[in-house]
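Enquirer: Heads up, the sequence shown is in our numbering, so the first residue is 20 and it goes up one at a time. No residue lacks a Cβ here, since even glycine has one placed at the ideal position from N, Cα and C. These numbers were taken from a predicted model, which means no experiment stands behind them. The structure follows.
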Amino acid sequence: MANEKTERGVTVDLNRTSLYWGLLTIFVLAVLFSSYIFN
20 MANEKTERGV
30 TVDLNRTSLY
40 WGLLTIFVLA
50 VLFSSYIFN
């Protein structure tokens, strides 16, 4: 049981990390793309 909980916890952490990186990447690309358009 402990191993299953640990694996689930690690999976949740990885999902959150990938989600934050995805949002950060989209935000940076949006800023670069908008600055490229307005200039």
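If you draw a straight line from the C-alpha of ASN34 to the C-alpha of LEU43, how long is it?
Expert: One-based indexing of the sequence shown puts residue 34 at position 15. One-based indexing of the sequence shown puts residue 43 at position 24. For ASN34 and LEU43, the distance between alpha carbons rounds to 14 Å.
Enquirer: From SER37 to ASN58, what does the alpha carbon distance come to, in whole angstroms?
Expert: Residue mapping note: residue 37 aligns to position 18 of the sequence shown, counting from 1. Residue mapping note: residue 58 aligns to position 39 of the sequence shown, counting from 1. The alpha-carbon atoms of SER37 and ASN58 are separated by roughly 31 Å.
Enquirer: Taking just the CA atoms, how far does GLY41 sit from PHE54?
Expert: In the sequence shown, residue 54 corresponds to position 35, counting from 1. In the sequence shown, residue 41 corresponds to position 22, counting from 1. In the sequence as displayed, the identity of residue 54 is Ser instead of Phe. The straight-line gap from Cα to Cα measures roughly 20 Å.
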